[in-house]
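Numbering (the numbering used here), first residue to last: 34 to 328.
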C-alpha cells in the first residue's frame with residue numbers, strides 16, 4: 034500500500050470519476066485507474082463500483098475512506114517534520130514568558146505564530162521573571178521572554194544562559210488615588226516603608242520569597258497582574274509595568290507616587306541557553322516584541 038495510491042483513491046472519491054480525479058491531480062486517467070486497481074488487488078477487495086465514467090464507493094470503500102484520509106494526513110505530517118529537521122527548524126518549541134505585557138498581545142502573537150509556523154508544536158508557560166532564567170538553564174524551556182535580570186533584584190545570573198535586550202519597559206511606583214501615599218507631595222523611602230508594599234514573589238530553593246522589597250511590611254505575589262489588582266483594591270503600593278497600569282492612570286483610579294525613583298526603565302528581552310541556536314519561530318517572536326517595545 035503506497036501513499037500515492039491512497040491519494041488517488043481519495044481524489045477519485047471526491048471527484049466522482051477517475052477522469053476528473055486525474056485532471057485535478059495532473060495525471061493520466063490510466064495512471065489513476067492503475068493505481069486504484071493495484072490498491073484493490075493488494076487489499077483483496079473492490080473499493081469502487083465503476084459505471085462508465087462515474088464511480089461509486091462500495092460498502093468497504095466507504096468504511097475505509099476515513100482511515101485512508103488519516104493515513105495520508107499523517108504521512109504528510111511526517112514529511113513536513115522531516116523537512117523541518119533538514120532545514121534546522123525545530124518541531125517543538127517550549128517558550129516561557131512573564132506577564133509584564135498585556136494578555137491580549139500574547140493571544141495575537143500566539144495566533145499569528147501558528148499561522149507562520151503551522152507544523153511546529155508550541156508550548157507557552159507563564160512564570161514570574163525571577164524564575165525564568167533558571168527554567169532555561171535547567172532545560173525546562175527552550176527560551177524565555179521577560180524582564181531581564183538586574184543585579185539588585187535577582188540572584189547572580191546563571192552561567193548556563195545569556196540574555197539579549199529587545200527593548201525597555203517603564204516600571205512605575207503606584208497606589209490607589211485614595212491611598213495615603215497618593216496624598217503626599219513628596220514621598221520618601223521612610224514613607225514607603227510605613228505602608229504595605231505588594232512585591233513580586235519568586236520560588237527558589239529556600240521557598241517563596243519576595244524580590245527586593247523596599248519595605249519590611251510587604252505581601253509577596255507571583256505576577257504583576259496580581260500586584261496591579263492589589264493596588265486597585267487600595268490596600269498597598271507597588272512597582273508595576275506601565276503597560277499594565279496605564280488604563281487606570283488615565284481614568285484617575287491610580288496615581289504615580291511623588292517619589293524620586295517612581296518611574297524607572299527596565300530592560301526586556303530574551304534568555305537562552307549558551308550555544309542554543311535561535312530558531313526561526315523564536316526569532317520571529319523576538320522581532321514582534323522588539324517592534325512593540327520601540328513603537
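For each residue, glycine too, the CB sits at the ideal point set by N, CA and C.
Only a predicted model underlies this, so the values are computations on that prediction, with no experimental measurement involved.
| Asked | Found |
| --- | --- |
| Limits of the unbroken beta strand (DSSP E) element including residue 299 | 296-306 |
| Cβ-based burial, residue 270 [other Cβ within 10 Å; buried from 16] | buried |
| Three-way DSSP call (helix, strand, coil) for residue 322 in this model | helix |
| Minimum C-alpha distance to residue 79 - residue among 86, 85 and 71 | 71 |
| Buried or exposed by the 16-neighbour rule on C-beta atoms within 10 Å, applied to residue 61 | exposed |
| Terminal residues of the alpha helix (DSSP H) in which residue 42 lies | 36-48 |
| Residue burial classification, residue 115 (beta-carbon count within 10 angstroms, cutoff 16) | exposed |
| Three-state class that DSSP yields for residue 327 in the structure shown | helix |
| Same chain, Cβ closer than 7 Å to residue 255, five either side skipped, listed in chain order | 161 and 234 |
| 7 Å Cβ shell around residue 321 - same chain, five flanking residues per side excluded | 142 |
| Three CB pairs or more closer than 8 Å across the segment 216-232 and the segment 242-249 | yes |
| Heavy atom of the ligand ATP within 7 Å of residue 289 beta-carbon | Of the ligands one can find in the structure shown there are none, so the ligand ATP has no counterpart to examine. |
| C-alpha distance - residue 112 paired with residue 36, whole-angstrom precision | 12 Å |
| One or two residues paired with residue 101 in a DSSP bridge | According to DSSP, which records beta bridges pairwise, residue 101 is partnered with nothing at all. |
| Close beta carbons around residue 289, own chain, < 8 Å, minus the five adjacent residues each side | 205, 206, 207, 282, 295 and 296 |
| Contacting residues, own chain, Cβ-Cβ under 7 Å from residue 49 (five flanking each side not counted) | 87 and 88 |
| Host alpha helix (DSSP H) of residue 203 (start-end) | Premise fails: residue 203 lies in the beta strand (DSSP E), 194-209, not in any alpha helix (DSSP H). |
| CB of residue 135 within 8 Å of CB of residue 276, strictly | yes |
| Limits of the unbroken beta strand (DSSP E) element including residue 288 | 287-289 |
| Pair within 8 Å by beta-carbon distance, residue 306 and residue 124 | no |
| Delimiting residues of the beta strand (DSSP E) encompassing residue 180 | 176-180 |
| Supposed close pair residue 303, residue 176 - CB separation, criterion 8 Å | 6 Å |
| Cutoff 8 Å: residue 78 Cβ touching any chain D Cβ | Here there is only one protein chain, and chain D is not present. |
| Reduced DSSP secondary structure (H/G/I, E/B, other) of residue 313 | helix |
| Integer-rounded CB distance, given that residue 261 should sit under 8 Å from residue 252 | Not really, about 13 Å apart at Cβ, beyond 8 Å. |
| Beta-carbon contacts of residue 173 that lie in its chain and below 7 Å, excluding the five residues immediately before and after | none |
| Assigned exposure category for residue 77 - 16 Cβ within 10 Å defines buried | exposed |
| Top-ranked residue by Cα proximity to residue 129, from 178, 146 and 43 | 178 |
| Residue from 46, 108 and 131 whose Cα sits closest to the Cα of residue 93 | 46 |
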